[in-house]
Amino acid sequence: MRCSILSAGLLALTAAAAPSIQRSARLDTRNPASGGQVAFQFPLPNGFPNVAAGSATLKEIEQAAHGTLPNGALPSKISDTSATVWSLIATNELFEVAYFSSLVKNITDWVPGYEVGSPAAREIVLGALKAVVAQEELHALGANGILAAAGRTTIQPCKYVFPVNNFDDALAFASTFTDVVLGTLQSALSSFGLDGDAGFLGLVGSVIGQEGEQNGFYRALSPHIKIPSALPFLTASAGPFALSALQQLVIVPGSCPSKLDIPTFGALTIETKNVGPHTETISFSLVDKEVDIATVNKWNLVYINQQNKPVVEKLQGAK
Ligand SMILES: *[C@@H]1O[C@H](CO)[C@@H](O)[C@H](O)[C@H]1NC(C)=O
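Here the numbering used here is used: the first residue of the sequence shown is 9, the next is one more, and so on.
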């Protein structure tokens, strides 16, 4: 059951992670700017996302990332679909930079709830996460660099709030949104392959592996000590799910200067408590003022799990 939910993309972020995440994420689903949390805002102290090619700052980021941006020539033309996909990737990578920067800062500043065990563990965790911040900066700069080289509009960051306030929940949330990313990049590959930009396949494959390495680390650090590799075939997702999840859970409403040509959905909330690995009826709720009940009764709920055929269930007793 849990895997089915995970796969539903936007459901993943509201329900699949540890119960503690579920609580805070759901709170934020309803009002992301709630809780008096100060929104995260760019630029970073190093000026990111404004980093010029060939600058000393870029060199510093590459050193912190343990590696470089690809240095080959970029295409001067990409398809419209590819431009949309790179826009979404840039949007997500900018969020990830924000998230992991905030996490590193919390650990560094000994924010209550973010005290990491022994000095040795603290060093390992901070070392890994500082590299992740720089690696995500390069992912974002790379995506925007591709858009710029092809004469497309680059993506500017939004303001963000994060539905977590302690280290364990922060890692669980990181693992959950990385699951969504790992599913969504599968559909990015299909788009690039089918829309004439197959030159990006290797590049995106290298990022999928990189994000998978990160996820293994977050899973292994979980208090539940999850095995690093979750499944033989990771669950699929799609751009609209990924963007919906970002909008519902972390983006401060109205704070994004860039508009993406991707549909988004409202939150689907799981009302049944303690859903377990057995057959049961599960209740969901959603807020949509424009749709009537007769229409809702014709809807299906679709579970996506791994690379299997989606499971399609009719809704029952909508009210
Ligand atoms: C950092 O700590 C603040 C204060 O508790 C919290 O609001 C924010 O969500 C934390 N960030 C992360 C990524 O955990």
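Note that the Cβ used here is the ideal one computed from N, Cα and C, for glycine as well. In this text the structure is predicted, and so the values were computed from the model without any measurement.
Cβ-heavy atom distance, V215 to ligand 3, below 7 Å: Ligand 3 is not part of the structure shown, which contains ligand 1 as its ligands.
V258 vs F170 beta-carbon contact at 8 Å: It is a contact, given that the beta carbons lie within the stated cut-off.
Give me the residue from A250, K267, G284 with the minimum Cα distance to F273. A250
Which partner residues of Y168 appear in the DSSP bridge assignment? F48, I259
According to the Cβ coordinates, are E137 and F175 closer than 8 Å? Strictly speaking, residue 137 in this sequence is Leu, with Glu absent from that position. Cβ atoms of L137 and F175: not closer than 8 Å.
Distance cut 6 Å, beta-carbon to ligand 1 heavy atom: residue list by chain order: Q45, Y107, S110, L111, N114, V119, F170, V172, N173, A178
So what does Y311 bridge to, in DSSP terms? V319
Give me, in chain order, the residues of the same chain whose beta-carbon lies closer than 6 Å to that of A182; leave out the 5 immediate sequence neighbours on both sides. Y226
Beta-carbon separation of Y122 and A47 under 8 Å? no
Quick one: grab the DSSP three-state call for I132. helix
Option nearest T89 by Cα separation, candidates Q218, N223, L202: L202
Is the beta carbon of A244 sitting closer than 8 Å to the one on Q194? yes
Taking just the CA atoms, how far does V141 sit from S110? 10 Å
Opposite S8 in the DSSP bridges: which residues? Outside the modelled stretch of the chain, which goes from 9 to 327, sits residue 8, for which no answer is possible.
With the cut-off set at 8 Å, would you say A91 and A158 are in Cβ contact? yes
Using 10 angstroms around the beta-carbon of E321, count the other beta-carbons present and answer buried if the total reaches 16, otherwise exposed. E321 comes out exposed.
Would you mind stating whether E8 and E101 have Cβ atoms separated by less than 8 Å? The requested residue 8 does not occur in the structure, where the chain is confined to residues 9 to 327.
Whole runs of the alpha helix (DSSP H) within the stretch 52-89, excluding any shorter than 4 residues: Listed in chain order, they are 64-72.
Taking Cβ positions, are A180 and S230 nearer each other than 8 Å? yes
Give the DSSP-derived three-state secondary structure of L239 in the structure shown. coil
Does the Cβ-Cβ distance between V212 and L197 come in under 8 Å? yes
Identify which residue in I86, A106, L146, A129 has its Cα closest to the Cα of A61. Of the candidates I86, A106, L146, A129, the one whose C-alpha sits nearest the C-alpha of A61 is L146.
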